[in-house]
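A.B. asks: In this note's numbering, the protein residues as written are 51 to 117.
Written as structure tokens, this is what we have:
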């Protein structure tokens with residue numbers, strides 16, 4: 051059970067990191083081009099934050115249950 055829990059934590063951190071990078075890219079695109087392309091990128095990265103946060107929450111519940 052410990053290895054699965056660590057995988058969830060690492061996956062959650064990776065997804066949240068992707069969301070952060072995507073948000074930074076969206077801001078750069080908005081500033082440089084002024085084009086509405088960043089709208090789609092912002093929606094995708096917001097979803098990544100939600101999924102990553104959910105995985106971290108699930109991992110903490112699994113960890114608590116194992117103690």
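Heads up, the beta-carbon is just placed ideally off N, CA and C, and yes, glycines get one too.
Would you mind reading off the limits of the alpha helix (DSSP H) that contains residue 97?
C.D. replies: 88 to 116
A.B. asks: Quick check on DSSP: helix, strand or coil for residue 85?
C.D. replies: coil
A.B. asks: Can you check whether the CB of residue 68 is closer than 8 Å to the CB of residue 98?
C.D. replies: Yes, the Cβ-Cβ distance between residue 98 and residue 68 is below 8 Å.
A.B. asks: Alpha carbon to alpha carbon, how far is residue 79 from residue 57?
C.D. replies: 33 Å
A.B. asks: Applying the 10 Å Cβ sphere with the 16-neighbour rule, what's the burial state of residue 72?
C.D. replies: buried
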